[in-house]
Amino acid sequence: MRILLIEFSWHAQEIIKNKEYFKKDVIVSLNAEASYILKINQIPYFESYQFCNHKELWTRYKEITDRTIKITKFLDEALWNTDKRFKDLNWKFFNDYHYPLKISFDQLFYYSELISRLIEKFNPSEIIVAETKKILIEDDCFLINRRISVIKYLLKTLKGDDSKIKISFILQNKNEKSKFLFFANFKNLIKSELKNIYHKINFLIGYYFSKPKYLSIECFEILRYKKLYPNQSRFFLNYHHNNYSRKKNIKDPNFFKNFTDYLRNETHFFDLIQHKNISFELIFNEILFKLTQQLDFFIKEHDKAKDIINRIKPRCVIFQTMSPFNSATVVFRKNCIDFKIPFVTWAHGGYGLTYSLSPYDVTDFRFCKNHISYGTHLKNLVLDNKCVLKQLEIQENQKIFPVGSCRLDYDNRKKNSKRILQENNRKKTILFLIGWSCDRNHFHFGYKREKLETLFWELNYDILCLLKKYQNKYNIIFKDYPNGSQNLWKSALKDINANEILFVSDEYSVNDLLKISDLNIIPWGSTTFFEALYFDADIFFIEEDIFKKPFEEKLKNEIFYFNNNNEFLLALEKYLKIGNFYTCNKKNSQNFFLKFDSLNKRDQLLKEALSKITNKN
Numbered sequence: 014m015r016i017l018l019i020e021f022s023w024h025a026q027e028i029i030k031n032k033e034y035f036k037k038d039v040i041v042s043l044n045a046e047a048s049y050i051l052k053i054n055q056i057p058y059f060e061s062y063q064f065c066n067h068k069e070l071w072t073r074y075k076e077i078t079d080r081t082i083k084i085t086k087f088l089d090e091a092l093w094n095t096d097k098r099f100k101d102l103n104w105k106f107f108n109d110y111h112y113p114l115k116i117s118f119d120q121l122f123y124y125s126e127l128i129s130r131l132i133e134k135f136n137p138s139e140i141i142v143a144e145t146k147k148i149l150i151e152d153d154c155f156l157i158n159r160r161i162s163v164i165k166y167l168l169k170t171l172k173g174d175d176s177k178i179k180i181s182f183i184l185q186n187k188n189e190k191s192k193f194l195f196f197a198n199f200k201n202l203i204k205s206e207l208k209n210i211y212h213k214i215n216f217l218i219g220y221y222f223s224k225p226k227y228l229s230i231e232c233f234e235i236l237r238y239k240k241l242y243p244n245q246s247r248f249f250l251n252y253h254h255n256n257y258s259r260k261k262n263i264k265d266p267n268f269f270k271n272f273t274d275y276l277r278n279e280t281h282f283f284d285l286i287q288h289k290n291i292s293f294e295l296i297f298n299e300i301l302f303k304l305t306q307q308l309d310f311f312i313k314e315h316d317k318a319k320d321i322i323n324r325i326k327p328r329c330v331i332f333q334t335m336s337p338f339n340s341a342t343v344v345f346r347k348n349c350i351d352f353k354i355p356f357v358t359w360a361h362g363g364y365g366l367t368y369s370l371s372p373y374d375v376t377d378f379r380f381c382k383n384h385i386s387y388g389t390h391l392k393n394l395v396l397d398n399k400c401v402l403k404q405l406e407i408q409e410n411q412k413i414f415p416v417g418s419c420r421l422d423y424d425n426r427k428k429n430s431k432r433i434l435q436e437n438n439r440k441k442t443i444l445f446l447i448g449w450s451c452d453r454n455h456f457h458f459g460y461k462r463e464k465l466e467t468l469f470w471e472l473n474y475d476i477l478c479l480l481k482k483y484q485n486k487y488n489i490i491f492k493d494y495p496n497g498s499q500n501l502w503k504s505a506l507k508d509i510n511a512n513e514i515l516f517v518s519d520e521y522s523v524n525d526l527l528k529i530s531d532l533n534i535i536p537w538g539s540t541t542f543f544e545a546l547y548f549d550a551d552i553f554f555i556e557e558d559i560f561k562k563p564f565e566e567k568l569k570n571e572i573f574y575f576n577n578n579n580e581f582l583l584a585l586e587k588y589l590k591i592g593n594f595y596t597c598n599k600k601n602s603q604n605f606f607l608k609f610d611s612l613n614k615r616d617q618l619l620k621e622a623l624s625k626i627t628n629k630n
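If you count the sequence shown from 1, position 415 lands on 428 in this note's numbering, and the numbers rise without skipping.
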C-alpha cells in the first residue's frame, strides 16, 4: 500500500501522466488546484479534511493556542539568558512574534495529525511526496516559504515502526517549471520601494516641522482620514514606512548554538514542537535562526522608536493592527507600554461577522484592549458568550469605539471608475467575489469553518456551475482574490464552458466592480461584505460561523444570509431564475456595520473615541 500526498499542481500533473502506475495508490490532495486537476481527470482521490475533521480540531483550539504561547515563553527565557539586552528591556520578543510562530506550528501540527491518521488507517509501506528545495523561511514575515514542501521534513522524524515506512519523492520536471515573472515582480518591487520612500519623506517632514498630538503606525484609516478631513488631521503624524533589514546582524557565531542549547537543557521546548511522535525541530530551527539573525536590527529599531516617542510625546498611538509583520508595530507597541502611552487598533478586514476572529483574536485582541471599529457589531460580538475571545479568556476589558471606516468612505467617494462592460449592455450584472486565499504552508487554526484547509474550493466551483446556467441572461463577473488561484479558476471556467463569464483578478478594484453590480455574491466573511453595504445591490452571503443574532434580530430581510451551503445554492438559483433585483433596503445593516448615520462625522467620532481612550489611561 502506497500513499501519495499531493501539495502542488505540477505534482498532480505527474500523477495524470503516469495514472496506470499510481492507480492502486491512495492519493490525498492538500491543494485546491491539485484537487481540481485530479477531479476533472477522474483520478480517485481524498481531500485532507476527510481524515482531519476541522470541527473536531476546533474543540482543541484553546489547547493548541495555549501551547504556542507556552512555546514563546520558553523562547523568551532562552533569549533573556543569551542576550541580556532583551532582559534589561523587559522585552518578551518572541511573545510579540507569537502569531507567525503560531501559523507555522499550526500548519505542522495539522500535517502531523494528517500523516498519523493516514498511517493508522492504511498502514502504508511507502509514502510518496514532492521533492522541493531546502527549507526556506521568508525574510520579512518569518513564515515557511509557500514554494517548498515541509512534509518530507516531518516524515524524516517518524519513530518506531513508522520509521520503517519508505519515503519516496516525485521531482518536478525542469522543463515544466512555471516561469518566474521577473519583470512583473521587479516592477512591483520598485513600486513598493517608491511608496516606502514617499511615506518616509512625509513622516520626516511632519516629524521635524509639525507638532502632532497623535502618532499613526501603518494605519490606512488615518491615511484616508487625512484626505477626508485635512484641517482636523494636522495633529496626526503617519509612520507608514518599513525599515526592514535583511542583513545578518548577529556577529557572534556561537549565539544560536548557545540559544538552542539553553532551550534543550533548561526547558521543555522541544517536547512542545512535536505531535504524534513527529518532530517539527528541523523547520523550527530554521525559523528561529532567521529571527535571531535580526535581533540587532530590532534593538536598533526599538531605540529609534523610543527617540520618536520621547520627542513627540503622543497622547495616543493608533495602530492598524497588532500583527507583527511590520517591525514598527512591535517596537512602537513596546515603547507605548514602557512609557504608559495609550494605544488603539483601528479594525481592518471583515472581522466581526463570525464568532471566530482569526487571526485577530491572537493579535489585536490579545495585545490591545482598545479598538476602533467600523460599527457597533463588533461591540455586540465581543460581549457574546459564543465569541472565541470567551474561549481564549481574553474577553475582559475590551473597549470598542464605533467610528466607521475612513478608508471605505474615501474609496466610495471616487466618482470615476474604469469602464468594464459595454455601455449599451442592459443586462443585469452579477458579481461573484471569491473569498480569501491561504498560501501553502500558512494554514492555521482559529477560523471555525469546514474545509478551510482547501479554501472550500468545491463551494466556489458549485457557485460557478450555477452561474454558468445564467451566463446568457446576465452579465456575470467572477473576481478572484488578488493572490488567489488564477490557474484553477481559469481552467474551471473553460472546462464548464462558462465562456460568457468575465474573470477578473486584480485588473479592477472591488469598488469599481461594486459600482456596476446588481447582485453581490460573497462566500466569505471579509472586508468585501462591508464594501458591498455602500451600494444598493442585494447581497448573498454565506458564512458557516456567522454571528447570527444581529442578522436574525436587527437585520431581517436586508441581507440574504446563510450558514448552509445547500440552502445558499438553492436560494441563489431561485433568485436568479426569478430575476427580481433590489429587493432589500439595507439601512439598518449600514448603520449597524458601518455607522452610516454618522457618515460625515467620522472626525467627531474619532475625536470622542481618542478622548475616552486617553482619559481612561
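Ideal Cβ placement from N, Cα and C applies to all residues, glycine included. All figures in this text were calculated on a predicted structure; none of them were measured in a lab.
Identify, in the order they occur along the chain, each residue of the same chain with its Cβ nearer than 6 Å to the Cβ of residue i, setting aside the five sequence neighbours on each side.
{"i": "residue 250", "result": "219, 225, 228"}
{"i": "residue 404", "result": "75"}
{"i": "residue 409", "result": "none"}
{"i": "residue 585", "result": "553"}
{"i": "residue 394", "result": "365, 400, 560"}
{"i": "residue 661", "result": "Coverage of the chain is limited to positions 14 through 630, which leaves residue 661 absent and any answer about it impossible."}
{"i": "residue 578", "result": "472"}
Please list the terminal residues of the continuous beta strand (DSSP E) segment that includes residue i.
{"i": "residue 251", "result": "249–252"}
{"i": "residue 578", "result": "Residue 578 -> not in any beta strand (DSSP E); alpha helix (DSSP H) instead, spanning 578–591."}
{"i": "residue 15", "result": "15–19"}
{"i": "residue 532", "result": "532–535"}
{"i": "residue 330", "result": "329–332"}
{"i": "residue 442", "result": "442–446"}
Over the uninterrupted alpha helix (DSSP H) stretch that includes residue i, give me the two end residues.
{"i": "residue 475", "result": "470–481"}
{"i": "residue 507", "result": "499–508"}
{"i": "residue 22", "result": "22–30"}
{"i": "residue 266", "result": "Element bounds for residue 266: n/a, residue is neither H nor E."}
{"i": "residue 150", "result": "It is not in any alpha helix (DSSP H) - residue 150 carries neither H nor E in the DSSP assignment."}
{"i": "residue 631", "result": "Since the first residue of the chain shown is 14 and the last is 630, residue 631 is not available in this structure."}
Can you grab the Cα-Cα spacing for the pair residue i / residue j, in whole Å?
{"i": "residue 552", "j": "residue 210", "result": "40 Å"}
{"i": "residue 292", "j": "residue 20", "result": "20 Å"}
{"i": "residue 9", "j": "residue 548", "result": "Residue 9 is absent from the structure shown; the chain starts at 14 and stops at 630."}
{"i": "residue 389", "j": "residue 367", "result": "14 Å"}
{"i": "residue 23", "j": "residue 207", "result": "35 Å"}
{"i": "residue 102", "j": "residue 286", "result": "27 Å"}
{"i": "residue 68", "j": "residue 509", "result": "32 Å"}
{"i": "residue 131", "j": "residue 172", "result": "15 Å"}
{"i": "residue 318", "j": "residue 341", "result": "8 Å"}
{"i": "residue 111", "j": "residue 320", "result": "26 Å"}
{"i": "residue 221", "j": "residue 97", "result": "34 Å"}
{"i": "residue 465", "j": "residue 575", "result": "17 Å"}
{"i": "residue 284", "j": "residue 54", "result": "43 Å"}
{"i": "residue 515", "j": "residue 489", "result": "6 Å"}
{"i": "residue 433", "j": "residue 517", "result": "10 Å"}
{"i": "residue 84", "j": "residue 118", "result": "10 Å"}
{"i": "residue 181", "j": "residue 143", "result": "8 Å"}
{"i": "residue 361", "j": "residue 414", "result": "14 Å"}
{"i": "residue 147", "j": "residue 43", "result": "20 Å"}
In terms of alpha-carbon separation, which member of the options lies closest to residue i?
{"i": "residue 1", "options": "605, 104, 330, 555", "result": "Limits of the chain in this structure are 14 at one end and 630 at the other, which puts residue 1 out of reach."}
{"i": "residue 73", "options": "461, 504, 507, 518", "result": "461"}
{"i": "residue 109", "options": "162, 348, 619, 253", "result": "348"}
{"i": "residue 521", "options": "494, 537, 535", "result": "494"}
{"i": "residue 153", "options": "26, 303, 106", "result": "303"}
{"i": "residue 326", "options": "310, 355, 342", "result": "355"}
{"i": "residue 276", "options": "393, 169, 87", "result": "87"}
{"i": "residue 583", "options": "205, 298, 480, 443", "result": "480"}
{"i": "residue 420", "options": "376, 541, 573, 620", "result": "541"}
What does a CB cutoff of less than 7 Å around residue i pick up in its chain, not counting 5 residues either side in sequence?
{"i": "residue 235", "result": "229, 249, 251, 331"}
{"i": "residue 401", "result": "368, 369, 370, 374"}
{"i": "residue 99", "result": "92, 93, 106"}
{"i": "residue 89", "result": "105, 106, 107, 108"}
{"i": "residue 359", "result": "232, 234, 331, 333, 385"}
Can you find the residues in the same chain that come closer than 8 Å, C-beta to C-beta, to residue i, ignoring five residues on each side of it along the sequence?
{"i": "residue 632", "result": "Residue coverage of the chain in this structure runs from 14 to 630, which leaves residue 632 outside it and unanswerable."}
{"i": "residue 447", "result": "473, 491, 492, 493, 494, 497, 502, 536, 537"}
{"i": "residue 596", "result": "551"}
Self-check item: Inside the stretch 274–310 only - beta strand (DSSP E) runs reaching at least 3 residues
Solution: none
Quiz prompt | Length-filtered (4 minimum) alpha helix (DSSP H) runs lying within the stretch 339–392 | solution = Fully enclosed alpha helix (DSSP H) runs of no fewer than 4 residues occupy 340–351, 377–380 of the stretch 339–392, in order along the chain.
Practice problem: For the stretch 206–252, list the beta strand (DSSP E) runs that are entirely contained and at least 3 residues long, ordered along the chain. | Solution: For the stretch 206–252, whole beta strand (DSSP E) runs of length 3 or above, ordered along the chain, are 227–230, 249–252.
Quiz item: What residue ranges within the stretch 53–77 form continuous alpha helix (DSSP H) runs of no fewer than 4 residues, ordered along the chain?
Solution: 67–71
Quiz item: Taking only runs of the alpha helix (DSSP H) that begin and end inside the stretch 76–145, which ones reach a length of at least 4 residues, in chain order?
Solution: 97–101, 106–109, 111–135
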